[in-house]
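All remarks here apply to the structure that follows.
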Amino acid sequence: MTPVLHRLLAQALEAVGAPPTLLRSAAFELASLEHADLTSPVAFGLAKELQGQPKAIAERIVTELKKRMDDSIGVGRIEVVGAGYINITLKDQQLWTMTTSIDRPVNATADAPTVIVEYSSPNVAKPLGIGHIRSTIIGESLARIHEFVGSKVVRLNHPGDWGTQFGKLIVMIQDQWGGTVSDDRTIRDFVQIYVQFHERAKDNPELEIRARQETVKLQSRDAATINIWKAICKKSYQEFDRLYARLGIHFDEIRGESAYEADVPSIVARALESGVAQKSEGAVIIPMPGLAAPMLIQKSDGAYLYATTDLAALQYRINKYHPDTILYVVGSQQTLHFQQLRAAAIALGIANDAKTQHIPFGMLLGANHKKLSTREGSSIELESVLDEAVEHARAIIAARPDGKEWNADDLNATAQMIGLGAVTYNDLSQNRIHDVVLDWGRMLSLTGNSAPYLQYCVVRIKSILAQAPEIGSEIGNPPPLVDQEREILRRLVRFPTIVRLSAATNEPHRIADYLFDLACAFHRFYEHVPVLAATPKERNLRCQLIDRAAKVITAGLHLLGINVPERM
RNA sequence: GUCUCCGUAGUUUAAUGGAUAAAACAGGAGCCUUCUAAGCUCCGGAUCGAGGUUCGAUUCCUCGCGGAGACACCA
């Protein structure tokens, strides 16, 4: 219905003499829920143009709108409120019709845009630390959100599997483990020998020299060295995969930095030939006028860098996927790097200006508001955070009145959904740009604005519907609605708009915010309006209403990467 | 030093330039013989400071103050 309304608004604006530029952008927006369903502040802008009072102009627009509206349009009330808002309240019937199947995603059409999302990108031989939780969770959510609005999404993981740290690890593996990585080794063992390397290197400088030699051997594809490297990667990916599976994440392509090694020299050569890059202090740089530093693409010792690899990766992705947009879900510390990457890609003719988009997010800080660092040993493994959250949820379920009735499998599965949901929601319900201080109490919170609050909402609905198996007959024209019913419907119609807004800004927290508000409306309904004990007609309506609410909350939680249990 | 981001109740957050700045947590008081109390109802408290643009500023601009990050051979 909104396209029709927007057309009518444009016509009404034309009738009152608004300039043509305004007609094209004429649109109603979501109104603040306490005031109306839709609103337009267009009269405020027009007041100056037409030299009148906003309120009087709004009245004239409304008069013109009313001339063009009939009963079929679904507008219950249109009125001027306050200093000049044009507010629309929708008819119950309209709300009811519009919320049919409103939880469904938009199907990707043949000409749908392709969106690549690069996220998670852990470092091999290091645990997926809690610092990676943000990229992983935000990236997966954005992938789902863009899919929902009809884009073709490619999920890419760009792990750090190359670089000087491998020389150090290989030296230690030679000295400590006889040069082989047995099956029972874990990432923790890699971290341990990596730390040991630095301790020993303090007194034994020759270790650093050997590490550099091993790095060179790795780069020249020395067979024995490559085998150790492969074993390190394999063990690491096994552990990463376990975590991704737990979080419901599956990448379309996992391609580490090492895969681009062969493409990198030609990029540097091309950059030099075209004059985009130049030699400076023995290194190769791409000057970056307007930015704080040039982009360094080759070190003076001939080695390549992160930036060079990213250029190669960008070229590879564009050739393979022909994306419209590439989202890099990477911490805000790397803002300069992505500014450089974008500028260099344009200068080299790899990508146009609109293609690459850095999606920055704030850091995860310790309770002391300081950076969590691996070296200081203060880093926390993602897996242990998840385990702790799940244990917490399990304890709460067990302590509930029916806690004894759960069988072990159900208890386990439900505790997973609640615990992981709580951690995920804690991150996604906040604007991603802010730093997050690690707060166990808040992260594991199962009450208030949290995932379990939303999950509980769906569980309550499922419980009612399970006791009303006979419902389902179509309701063409719903009976007059009580306030609590209308308040749910008014929120349900907003779902697609909210998801579109979330996709446009790449901000999942808008969905979390919306879902919480919807869930509040449901809980109020639940407390005050009976379903099972209502008259047959009301009971039918209410069952269908709450079924729609459950579907939207479930779909919305799915967009955040959160599942809903059958009961809790 | 330069550049970027952030600054909202005690705490953690929300608010496409729009209406009386919205919640959660923490604290206090109520509500289970009625669909799962992980719930509901009620109670106080906030836009860092100074200017500017605007009919209208938490939002945009300038300058301060405070915090974080980045600033060529790490990734």
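576 is the number that the numbering used here gives the last residue of the first sequence; the numbers go up by one with no jumps.
A virtual CB, placed ideally from N, CA and C, is assigned to each residue, including glycine.
(request) Grab me the residues of residue 293's own chain with a C-beta within less than 6 Å of its C-beta, minus the 5 sequence neighbours each way, in chain order. (result) 302, 304
Query raised in the report: Would you call the stretch 78–96 and the stretch 36–55 touching, i.e. three or more CB-CB distances under 8 Å?
Result: yes
Problem set entry | Assumed close pair residue 359, residue 326 - CB separation to whole angstroms, cut-off 8 Å | 6 Å
(Q) Bridge partners for residue 467 per DSSP, in chain order? (A) According to DSSP, which records beta bridges pairwise, residue 467 is partnered with nothing at all.
Starting from residue 125, trace the alpha helix (DSSP H) in both directions and tell me its first and last residue. Counting along the chain, residue 125 falls outside any alpha helix (DSSP H), though it belongs to the beta strand (DSSP E) covering 122–126.
* To do: Spatial neighbours of residue 45 within its chain, please: CB distance less than 7 Å, with the 5 preceding and 5 following residues excluded, ordered by chain position.
  => 39, 96, 97, 98, 498
> Does the Cβ of residue 495 have 16 or more other Cβ atoms within 10 Å, making it buried, or fewer, making it exposed?
Replying inline: buried
key: Collapsed DSSP secondary structure at residue 457 in the structure displayed   = coil
*Do you know offhand how far residue 24's Cα is from residue 560's?*
40 Å
Quiz item: Taking DSSP as the reference, what is the three-state secondary structure of residue 301?
Solution: coil
Nearest to residue 180 (by Cα), restricted to the options 17, 167, 537, 206:
206
On the criterion of 16 or more Cβ atoms from any shown chain inside 10 Å, does residue 427 qualify as buried, or is it exposed?
buried
- Item | Residues of its chain near residue 384, where Cβ-Cβ distance is below 6 Å and the 5 sequence neighbours each way are ignored | Only weak support is given to the placement of residue 384: the predicted model assigns it a pLDDT of 41, under 50, and the value that follows is read from those uncertain coordinates. Counting only Cβ-Cβ distances below 6 Å, and skipping sequence neighbours, we find nothing.
Distance CB(residue 393)-CB(residue 431) smaller than 9 Å
yes
Contact defined as beta carbons within less than 8 Å: I believe residue 576 pairs with residue 475. What is the distance between those atoms, to the nearest angstrom?
That pair is no contact at about 17 Å.
**Asked** Would you call residue 165 buried or exposed, if buried means 16 or more other Cβ atoms sit within 10 Å of its Cβ?
**Response** buried
Practice prompt. Grab me the residues of residue 219's own chain with a C-beta within less than 6 Å of its C-beta, minus the 5 sequence neighbours each way, in chain order.
Written response: 175, 176, 179
*Please name the residue in 202, 62, 264 whose C-alpha comes closest to that of residue 3.*
Only positions 9 to 576 of the chain appear in the structure, and residue 3 is not among them; the question remains open.
Which of the three DSSP states, helix, strand or coil, is assigned to residue 313? coil
Exercise. Thinking C-beta only, is residue 284 closer than 9 Å to residue 352?
Worked result: yes
Q. Can residue 556 and residue 188 be called in contact, C-beta distance under 9 Å?
A. no
Buried versus exposed call for residue 33 [16 or more other C-beta atoms within 10 Å across all chains shown]: exposed
Are the beta-carbon atoms belonging to residue 424 and residue 403 less than 9 Å from one another?
no
Buried or exposed by the 16-neighbour rule on C-beta atoms within 10 Å, applied to residue 450: exposed
#### Entry: residue 360, DSSP secondary structure in three states
coil
key: Helix, strand or coil at residue 16 [DSSP, three-state]   = helix
Cβ separation of residue 567 and residue 149, assumed to be a contact under 8 Å, to the nearest whole Å | 6 Å
* Just reading off the alpha helix (DSSP H) that residue 257 is part of, what are its end residues? -> It is not in any alpha helix (DSSP H) - residue 257 carries neither H nor E in the DSSP assignment.
**Asked** So the beta strand (DSSP E) residue 286 belongs to, where does it begin and stop?
**Response** 286–288
Taking 8 Å as the limit between beta carbons, can you name the residues of its chain near residue 12, skipping five residues before and five after?
81
As an exercise, report each continuous beta strand (DSSP E) stretch of at least 3 residues that is fully enclosed by the stretch 84–154, in chain order. 93–98, 122–126
Practice prompt. Determine the direct distance from the alpha carbon of residue 66 to that of residue 51, and round the result to whole angstroms.
Written response: 5 Å
To the nearest angstrom, report how far apart residue 489 and residue 418 are at their CA atoms.
38 Å
Query raised in the report: Is the CB-CB distance between residue 477 and residue 549 below 9 Å?
Result: no
Report task. Please work out which residues of its chain come closer than 6 Å, Cβ to Cβ, to residue 371, disregarding the five sequence neighbours upstream and downstream, and give them in chain order. Result -> 443
message: Going by C-alpha to C-alpha distance, which of 334, 224, 230 sits closest to residue 310?
response: 224
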